[in-house]
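A.B. asks: Once you've had a glance at the structure underneath, I'll fire off some questions.
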Amino acid sequence: MAEMPSRQPDKFRQEITRLKERLLTLAGMAEEAIHRAVQAFLRRDRELARRVIHGDKEINDLEEAIDGDCVRLIALYQPVAADLRQIMAADHIIAELERIGDLAVNIAEEAMLLEPPPGRDFHPQMARLAELVLTMVRRSLTAYVEQNPALAREVCRADAEVDELYRHLTQEVLREMVADEVISFGEAQISVARHLERVGDHATNIAEQVVYAAEGESIRHRCQG
């Protein structure tokens with residue numbers, strides 16, 4: 058098995074540090090995008106929604122650049138064991154972050170379609186669902202920074218609560234739609250709840266990569282155990 062060139066260990070470590078710094082920059086952008094998208098939706102703020110939509114290109118561009126860095130590092134240094142896992146995990150995580158950015162755009166687009174304030178009241182658990190999901194994202198990224206597999210597993214377990222709340226909210230909104238015949242507003246809430254539930258899934262995927270990078274164990278499909 059090929060080994061990393063011994064003449065350039067310092068350079069490699071510098072490259073890994075830079076890779077992590079760029080990943081955290083992307084993480085901050087994705088986290089801010091989903092936070093702003095939720096606020097735009099709950100406040101019916103179209104200008105904020107527009108900013109989320111317009112900011113997505115920057116997220117996509119940085120994700121592509123970091124992906125290129127990962128490929129280059131593997132080709133140039135041929136890392137093995139823990140070093141290789143770190144790079145592979147980073148490459149997976151940036152893809153999850155890019156998808157979170159896409160979901161932020163989807164939520165912002167729903168905000169653009171809402172009637173101006175004040176409008177009808179949102180389901181009382183919509184803000185709670187958003188709070189739980191954003192907490193999962195933040196904690197998954199903290200687990201990555203700290204290389205904390207125990208915290209990562211806590212993120213995985215939190216996904217069950219998000220899934221249950223999503224199901225409960227969706228069922229209640231569907232009943233309201235039948236009773237009040239207010240179809241478009243109910244559809245918007247269900248759509249945003251579904252996007253938030255998927256953000257939780259991506260946070261779980263990030264947490265799984267943290268465990269893989271730290272311990273060399275794949276816990277995909279059994280992260281909640």
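Each residue of the sequence shown is one higher than the one before, counting from 58 in my numbering.
Just so you know, even glycine gets a beta-carbon here, dropped at the ideal spot from N, CA and C.
#1: Determine the burial state of Ser197: buried for a count of at least 16 other Cβ atoms within 10 Å of its Cβ, exposed for fewer.
#2: Going by alpha carbons, who is nearest to Gly158 out of Gly273, His259, Gln266, Ser275?
#3: Would you say Leu80 and Ile123 are within 8 Å of each other, going by their C-beta atoms?
#4: Distance check for Glu167 and Ser248, CA to CA, integer angstroms please.
#5: Hey, how far is the Cα of Glu78 from the Cα of Glu188?
#6: When the distance is taken between beta carbons, is Glu155 closer than 8 Å to Ile116?
#7: Cutting at 8 Å between CB atoms, please list the residues of its own chain near Glu274, excluding the five before and the five after it.
#8: Within 10 angstroms of its Cβ, does Glu172 collect 16 or more other Cβ (buried), or is it exposed?
#9: Tell me which residues share the same chain as Asp126 and place their Cβ nearer than 6 Å to its Cβ, disregarding the 5 neighbours each side in the sequence.
#10: Helix, strand or coil for Ser275 per DSSP?
#11: Using a threshold of 8 Å, state whether the C-beta atoms of Arg142 and Ala270 are closer than that.
#12: Counting beta carbon pairs with one atom in the region 202-211 and one in the region 224-242, are three or more of them shorter than 8 Å?
#13: Could you give the distance in angstroms between the alpha-carbon of Arg93 and the alpha-carbon of Arg101?
#14: Return the first residue and the last residue of the alpha helix (DSSP H) that Arg101 is part of.
#15: Gly85: which of Val202, Gln96, Glu265 sits nearest, CA to CA?
#16: Where Leu222 and Glu88 are concerned, what is the direct C-alpha to C-alpha distance, given to the nearest angstrom?
#17: Tell me which same chain residues have a C-beta within less than 6 Å of the C-beta of His149, skipping the five on either side of it?
#18: Measure the CB-CB distance between Leu99 and Ala165 and report whether it falls below 8 Å.
#19: Using DSSP with H/G/I as helix, E/B as strand and the rest coil, what is His225?
#20: Alpha carbon to alpha carbon, how far is Val109 from Leu160?
#21: With a threshold of 7 Å on Cβ separation, who are the neighbours of Phe242 within its own chain once the five nearest residues in sequence on each side are excluded?
C.D. replies: If we stick to the structure as given:
#1: Ser197 is buried by the Cβ-count criterion.
#2: His259
#3: yes
#4: 8 Å
#5: 26 Å
#6: yes
#7: Val268
#8: Exposed, by the Cβ-count rule.
#9: Leu76
#10: coil
#11: yes
#12: The region 224-242 is not in contact with the region 202-211.
#13: Using only the alpha carbons, I get a separation of about 11 Å.
#14: Element bounds for Arg101: n/a, residue is neither H nor E.
#15: Val202
#16: 21 Å
#17: Gln266
#18: no
#19: Here His225 sits in helix by DSSP.
#20: 10 Å
#21: Arg177
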